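Trainee: Residue numbers (numbering that gives the first Met the number 0), protein chains in the order written: chain U, 0 to 192; chain B, 0 to 192; chain D, 0 to 192; chain G, 0 to 192. Glycine included, each C-beta is placed from N, C-alpha and C at the ideal position. Quick caveat: nothing in here was measured; it's all calculated off a predicted structure. Sharing a structure here in structure tokens format.
Number of protein chains: 4
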Amino acid sequence: MENKKKENRLKILEAASKLFYYRRFHEVRMEEIAEAAGMGKGTIYEYFPGKEDLFRELFKYSTEKYIHLAREASRGQENSRGQLLALLLNHIDFITEYRHLEYYVFNLGRINFQEMQPWFKKKKNQFLALVEECLREGLRRGEIRELNIRLAATVFTGSFLAALNPFLIDVEKDGKKHAAGVLDLFFQGIKQP
Amino acid sequence: MENKKKENRLKILEAASKLFYYRRFHEVRMEEIAEAAGMGKGTIYEYFPGKEDLFRELFKYSTEKYIHLAREASRGQENSRGQLLALLLNHIDFITEYRHLEYYVFNLGRINFQEMQPWFKKKKNQFLALVEECLREGLRRGEIRELNIRLAATVFTGSFLAALNPFLIDVEKDGKKHAAGVLDLFFQGIKQP
Amino acid sequence: MENKKKENRLKILEAASKLFYYRRFHEVRMEEIAEAAGMGKGTIYEYFPGKEDLFRELFKYSTEKYIHLAREASRGQENSRGQLLALLLNHIDFITEYRHLEYYVFNLGRINFQEMQPWFKKKKNQFLALVEECLREGLRRGEIRELNIRLAATVFTGSFLAALNPFLIDVEKDGKKHAAGVLDLFFQGIKQP
Amino acid sequence: MENKKKENRLKILEAASKLFYYRRFHEVRMEEIAEAAGMGKGTIYEYFPGKEDLFRELFKYSTEKYIHLAREASRGQENSRGQLLALLLNHIDFITEYRHLEYYVFNLGRINFQEMQPWFKKKKNQFLALVEECLREGLRRGEIRELNIRLAATVFTGSFLAALNPFLIDVEKDGKKHAAGVLDLFFQGIKQP
DNA sequence: CATGAATGAGTCTTCATTCAT
DNA sequence: TATGAATGAAGACTCATTCAT
Numbered sequence: 000m001e002n003k004k005k006e007n008r009l010k011i012l013e014a015a016s017k018l019f020y021y022r023r024f025h026e027v028r029m030e031e032i033a034e035a036a037g038m039g040k041g042t043i044y045e046y047f048p049g050k051e052d053l054f055r056e057l058f059k060y061s062t063e064k065y066i067h068l069a070r071e072a073s074r075g076q077e078n079s080r081g082q083l084l085a086l087l088l089n090h091i092d093f094i095t096e097y098r099h100l101e102y103y104v105f106n107l108g109r110i111n112f113q114e115m116q117p118w119f120k121k122k123k124n125q126f127l128a129l130v131e132e133c134l135r136e137g138l139r140r141g142e143i144r145e146l147n148i149r150l151a152a153t154v155f156t157g158s159f160l161a162a163l164n165p166f167l168i169d170v171e172k173d174g175k176k177h178a179a180g181v182l183d184l185f186f187q188g189i190k191q192p
Numbered sequence: 000m001e002n003k004k005k006e007n008r009l010k011i012l013e014a015a016s017k018l019f020y021y022r023r024f025h026e027v028r029m030e031e032i033a034e035a036a037g038m039g040k041g042t043i044y045e046y047f048p049g050k051e052d053l054f055r056e057l058f059k060y061s062t063e064k065y066i067h068l069a070r071e072a073s074r075g076q077e078n079s080r081g082q083l084l085a086l087l088l089n090h091i092d093f094i095t096e097y098r099h100l101e102y103y104v105f106n107l108g109r110i111n112f113q114e115m116q117p118w119f120k121k122k123k124n125q126f127l128a129l130v131e132e133c134l135r136e137g138l139r140r141g142e143i144r145e146l147n148i149r150l151a152a153t154v155f156t157g158s159f160l161a162a163l164n165p166f167l168i169d170v171e172k173d174g175k176k177h178a179a180g181v182l183d184l185f186f187q188g189i190k191q192p
Numbered sequence: 000m001e002n003k004k005k006e007n008r009l010k011i012l013e014a015a016s017k018l019f020y021y022r023r024f025h026e027v028r029m030e031e032i033a034e035a036a037g038m039g040k041g042t043i044y045e046y047f048p049g050k051e052d053l054f055r056e057l058f059k060y061s062t063e064k065y066i067h068l069a070r071e072a073s074r075g076q077e078n079s080r081g082q083l084l085a086l087l088l089n090h091i092d093f094i095t096e097y098r099h100l101e102y103y104v105f106n107l108g109r110i111n112f113q114e115m116q117p118w119f120k121k122k123k124n125q126f127l128a129l130v131e132e133c134l135r136e137g138l139r140r141g142e143i144r145e146l147n148i149r150l151a152a153t154v155f156t157g158s159f160l161a162a163l164n165p166f167l168i169d170v171e172k173d174g175k176k177h178a179a180g181v182l183d184l185f186f187q188g189i190k191q192p
Numbered sequence: 000m001e002n003k004k005k006e007n008r009l010k011i012l013e014a015a016s017k018l019f020y021y022r023r024f025h026e027v028r029m030e031e032i033a034e035a036a037g038m039g040k041g042t043i044y045e046y047f048p049g050k051e052d053l054f055r056e057l058f059k060y061s062t063e064k065y066i067h068l069a070r071e072a073s074r075g076q077e078n079s080r081g082q083l084l085a086l087l088l089n090h091i092d093f094i095t096e097y098r099h100l101e102y103y104v105f106n107l108g109r110i111n112f113q114e115m116q117p118w119f120k121k122k123k124n125q126f127l128a129l130v131e132e133c134l135r136e137g138l139r140r141g142e143i144r145e146l147n148i149r150l151a152a153t154v155f156t157g158s159f160l161a162a163l164n165p166f167l168i169d170v171e172k173d174g175k176k177h178a179a180g181v182l183d184l185f186f187q188g189i190k191q192p
């Protein structure tokens, strides 16, 4: 029974995330979510107090999934280049396979979910710490020059976004093939040596 | 009369953009926008056919303003480093002073404004062309090594998106002071030479 | 305009009171009230914040109307018997003509409208004061024996209820013809002299 | 088994009557009633077909209880004054101890339970007959003057409704101490002899 | 028999939009 | 041209009721 409960909760989150990706909050009706989750309208309210709450839970769920997958990906790589490439490729996988979740992770922060700020800060630091760890080990192994680790981690993460932000490129078409290029740029810089 | 018309239109756009920054589309009522713009509810409909349209116009307005300001900023810089720094600083200024507009430029792309896709693509290319131009000149002057210009432009732009994404850093506090650091990293890369 | 506003408010109150008399709160839909008041559903919300508020306002409106009519009725009677009879007849008129309002005046007190208790107490005392005034004058004129005026006022008012409570008689059929009998009993008592 | 059935039915009625006293029909949820009765939501439906039915049964249950207690009270009194006082005191006891039931007996009549009208009329007459019996015996014994017995019974009953109507007095504080006063007034009248 | 998870009919309420002034 | 009172379509949410366990 406890299992059924968790399962249903997940069904709702997954259904909702897909619907919310293409349409904004007010464009998605609770009834649609229920239908997509294969249950009755009223049932959603057994699992979430309301639409707003469901939306916030989605935000949490997505962020945690992303960080979890990133951690898995970087594990089992031997050098920092491999680890960072793994993070890049994972990112592209995520925004392709879970593109409906990516929106929450990277863009919802700006919206005024006041009460979630502390939680969000924690998650952000968890992810940056992961990148920093890769860089720090690279430094130890002499793969990376002496530099501001936190800044580098931030910029690296930003380069991911460069690879995906619709203002810049079409991820689905060009994402994966650009990953190595992005990483090389990050490693080598653009300056004439 | 023609002037009054333009003035009112602008008043509405400015008022709306501020309200939409902190709250989502469905959280802002037309009446509020009217009030903030100093006019009656019905009057907005003299200038925009509806709420959705107003929102899209906001998108256009913001994007054009951003590109205009970026172009101005890069002008009058002598080397590519100066130009790129100018773009970075302009970006930070923009997201500080016009933070309520930035949202539209960099995040609304993902939302399915089907009919605006072509327009959006054009604008995106206008901006990337500006960055590419800076890089290409740097290349000509020997400041920059041989590389894939378009990719570099994309990554560069991504790097300063990194400088603002709330998932990563607190722009208001840390934005400006990181600009040079971000640029240096972009120029030098992270690899041990 | 100010006039139109008051007029509409009244239209709603009158329509609502009729509907609420025969059916309970949850049985009457806002849409019905609107229809009965000759306006659109949304318009009611321009005049009352919600259904509950409308209900409470109805309570106030009815009580005030009753007291107003009672005051008018007792005026212009020369002796206490005439005044009390006028009150009785007015009561019967009220519960016949405004039967839909009477419910609120005499029965809603028990329901937990906590925040209205002080207001309600004030109204109750206004009415009892009116009855007491009749009795006190009767006493002065020697029409009435020495007695506890407040108690007598209370019992007199209760006798009204006797004349109307559906647990006891059918007001519409038997109300008016019993009024004088009730009053005589009140004056003479039932005891064998 | 048959016993258990009755016991549960009573548990539900008692629980429901308490909840309905302070809140209106639509404010009390079946789940609450079930909880208060110490059973599951579904179980109530084993005993009552629905919420409305439960409410009507409550009405019957309360009315019958009241009449039963009144009958008991008037028994064993020697003169009509004693009997009427007993009825008054019983009424006050009832509305104090079973205040949650009183509502049904004296106020629900007005609500349009069409199909219950005949039943209700019968009960009403049963009670009035009880009061009339007291008066008739008083008349026989010469305690009471010649009068319209039915009217007197009605007014008497009304007089103690007065003793409880919240429009008039605060029963809990003032109820009992006024009983004798009310009765005296009823016996003596207010007229100067 | 007892239960409570699932359901969806039913209703309040909001708010973009209209239009008479 | 500007307005804001009136409107009703649309949707979140509640809760009586059902029924599989």
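1) Taking Cβ positions only, does L150(G) come closer than 8 Å to chain D?
2) Relative to the C-alpha of N7(B), which candidate in H25(B), E34(B), Y20(B), F24(B) has its C-alpha closest?
3) In the DSSP assignment, the alpha helix (DSSP H) including P48(B) goes from what residue to what residue?
4) To the nearest angstrom, how far is the alpha carbon of R140(G) from that of N78(G)?
5) In whole angstroms, what separates the C-alpha of Y46(U) from that of V27(G)?
6) 8 Å is my cut-off, CB to CB: does H67(D) come that close to chain G?
7) Verify the CB distance criterion: does L157(B) have a CB-CB separation below 8 Å to chain U?
8) Determine contact between the stretch 146–159 of chain D and the stretch 114–133 of chain G, defined as no fewer than three beta-carbon pairs at a distance below 8 Å.
9) Buried or exposed for N111(U), going by 16 or more other Cβ atoms inside 10 Å?
10) Going by beta-carbon coordinates alone, are G37(B) and K10(B) separated by less than 8 Å?
11) Counting beta carbon pairs with one atom in the stretch 19–26 of chain B and one in the stretch 61–68 of chain B, are three or more of them shorter than 8 Å?
12) Rounded to whole angstroms, what's the CA-CA distance from E51(D) to S73(U)? Just pull it up for me.
13) For K123(U), does the count of other Cβ atoms within 10 angstroms reach 16, so buried, or fall short, so exposed?
14) Just by C-beta distance, which residues in the stretch 1–29 of chain B are closer than 9 Å to chain U?
15) With a cut-off of 8 Å on the beta carbons, I'd call E30(U) and K40(U) a contact; round off their distance for me.
16) What distance in whole Å lies between the Cβ atoms of E142(U) and R80(U), which are believed to be in contact at a cut-off of 8 Å?
17) In angstroms with no decimal places, state the Cα-to-Cα distance between K4(U) and L18(U).
18) Tell me which residues share the same chain as Q125(G) and place their Cβ nearer than 8 Å to its Cβ, disregarding the 5 neighbours each side in the sequence.
19) Can you pull the chain G residues whose beta carbon is under 9 Å from the beta carbon of V130(D), in chain order?
20) Using a Cβ-Cβ cutoff of less than 8 Å, which residues in the same chain neighbour E145(D) once the five nearest sequence positions on both sides are dropped?
21) Looking at F24(G) and the ligand COA, is the gap between the Cβ and the nearest heavy atom below 7 Å?
22) Using only CA atoms, which one of A179(D), F186(D), L184(D), Q187(D) lies nearest to L84(D)?
23) Leaving out five residues before and five after E13(U) in sequence, what residues of the same chain have Cβ atoms less than 8 Å from its Cβ?
24) Determine whether the beta carbon atoms of L150(U) and L184(B) lie at a separation below 8 Å.
25) If we ignore side chains and look at the alpha-carbon of each, how far apart do Q116(B) and F54(B) end up?
26) Taking 8 Å as the CB-CB limit, is N147(D) close to chain G?
27) What residues from the stretch 28–57 of chain B come within 8 Å of chain U, judged by C-beta to C-beta, listed N to C?
28) Taking Cβ positions only, does G180(G) come closer than 8 Å to chain D?
29) Quick one, which of N147(U), F186(U), W118(U) has its alpha-carbon nearest Y60(U)'s?
30) Does L87(U) get closer than 8 Å to chain B when you measure Cβ to Cβ?
31) When the Cα of E136(G) is compared with those of N89(G), Q82(G), N2(G), which residue comes out closest?
32) Anything in chain D within Cβ reach of L84(G), meaning under 7 Å, just list it in chain order.
33) At least one CB of chain B closer than 8 Å to the CB of H177(U): is that the case?
Mentor: In terms of the structure at hand:
1) Here residue 150(G) is taken as the residue at index 151 of the fourth sequence, counted from 1. Yes, because at least one Cβ of chain D sits closer than 8 Å to the Cβ of L150(G).
2) Locating residue 7(B) in the second sequence gives position 8, where the first residue counts as 1. Of the listed residues, the one whose Cα sits closest to N7(B) is E34(B).
3) Within the second sequence, the letter at position 49 stands for residue 48(B). Looking at the DSSP string, P48(B) is not in any alpha helix (DSSP H), and its letter there is neither H nor E.
4) Locating residue 140(G) in the fourth sequence gives position 141, counting from the first residue. Locating residue 78(G) in the fourth sequence gives position 79, counting from the first residue. One C-alpha to the other measures close to 8 Å.
5) The sequence position of residue 46(U) within the first sequence is 47, counting from 1. The sequence position of residue 27(G) within the fourth sequence is 28, counting from 1. Using only the alpha carbons, I get a separation of about 23 Å.
6) Numbered from its first residue, the third sequence carries residue 67(D) at position 68. No, H67(D) does not count as interfacial toward chain G.
7) Within the second sequence, the letter at position 158 stands for residue 157(B). The sequence as given places Gly at residue 157(B); Leu does not occur at that position. It does: the Cβ of G157(B) has a partner Cβ on chain U nearer than 8 Å.
8) no
9) Stepping through the first sequence from its first residue, residue 111(U) is reached at position 112. Because N111(U) sits at a pLDDT of 49, beneath the cut-off of 50, its placement in the model cannot be relied upon, and the point is left open.
10) Here residue 37(B) refers to the residue found at position 38 when the second sequence is read from its first residue. Here residue 10(B) refers to the residue found at position 11 when the second sequence is read from its first residue. A contact, by the Cβ cut-off of 8 Å.
11) no
12) Counting from 1 along the third sequence, the entry for residue 51(D) is found at position 52. Counting from 1 along the first sequence, the entry for residue 73(U) is found at position 74. Approximately 59 Å, taken between the alpha carbons.
13) In the first sequence, residue 123(U) corresponds to position 124, counting from 1. By the neighbour-count rule (16 or more Cβ atoms within 10 Å), K123(U) is buried.
14) Y20, Y21, R22, R23, F24, H25, E26
15) Stepping through the first sequence from its first residue, residue 30(U) is reached at position 31. Stepping through the first sequence from its first residue, residue 40(U) is reached at position 41. Correct: roughly 5 Å between the Cβ atoms.
16) What you label residue 80(U) is simply residue 81 of the first sequence in a count that begins at 1. What you label residue 142(U) is simply residue 143 of the first sequence in a count that begins at 1. The Cβ separation is near 7 Å, so the contact holds.
17) Taking the first residue of the first sequence as 1, we reach residue 4(U) at position 5. Taking the first residue of the first sequence as 1, we reach residue 18(U) at position 19. Answer to the nearest angstrom: the Cα atoms are 22 Å apart.
18) Within the fourth sequence, the letter at position 126 stands for residue 125(G). So the qualifying residues of the chain are I66.
19) Taking the third sequence and counting its residues from 1, the one referred to as residue 130(D) is at position 131. Those do not exist, as V130(D) stays about 10 Å from chain G at its closest Cβ, beyond 9 Å.
20) Along the third sequence, read from residue 1 onward, the residue named residue 145(D) stands at position 146. These residues qualify, in order along the chain: L138.
21) Although the ligand COA was asked about, the structure shown includes no ligands whatsoever.
22) Here residue 84(D) corresponds to residue number 85 of the third sequence, with the count starting at 1. Nearest option by C-alpha distance: A179(D).
23) The sequence position of residue 13(U) within the first sequence is 14, counting from 1. Once the five neighbours on either side are set aside, the close Cβ partners of E13(U) are A36.
24) To locate residue 150(U), count along the first sequence from 1; it is residue 151. To locate residue 184(B), count along the second sequence from 1; it is residue 185. The answer is yes: Cβ separation under 8 Å.
25) In the second sequence, counting from the first residue as 1, residue 116(B) sits at position 117. In the second sequence, counting from the first residue as 1, residue 54(B) sits at position 55. The straight-line gap from Cα to Cα measures roughly 15 Å.
26) Looking up residue 147(D) in the third sequence gives position 148. Output row for N147(D): interface = yes.
27) none
28) Here residue 180(G) refers to the residue found at position 181 when the fourth sequence is read from its first residue. Yes, contact with chain D.
29) Taking the first sequence and counting its residues from 1, the one referred to as residue 60(U) is at position 61. Selected option, being the one with the closest Cα: W118(U).
30) By one-based count along the first sequence, residue 87(U) stands at place 88. Not one chain B Cβ lies under 8 Å of L87(U).
31) If you number the fourth sequence from 1, residue 136(G) lands on position 137. It is Q82(G).
32) Taking the first residue of the fourth sequence as 1, we reach residue 84(G) at position 85. Chain D residues near L84(G): none, gap ~13 Å exceeds 7 Å.
33) Taking the first sequence and counting its residues from 1, one reaches residue 177(U) at position 178. Yes, its Cβ sits closer than 8 Å to a Cβ of chain B.
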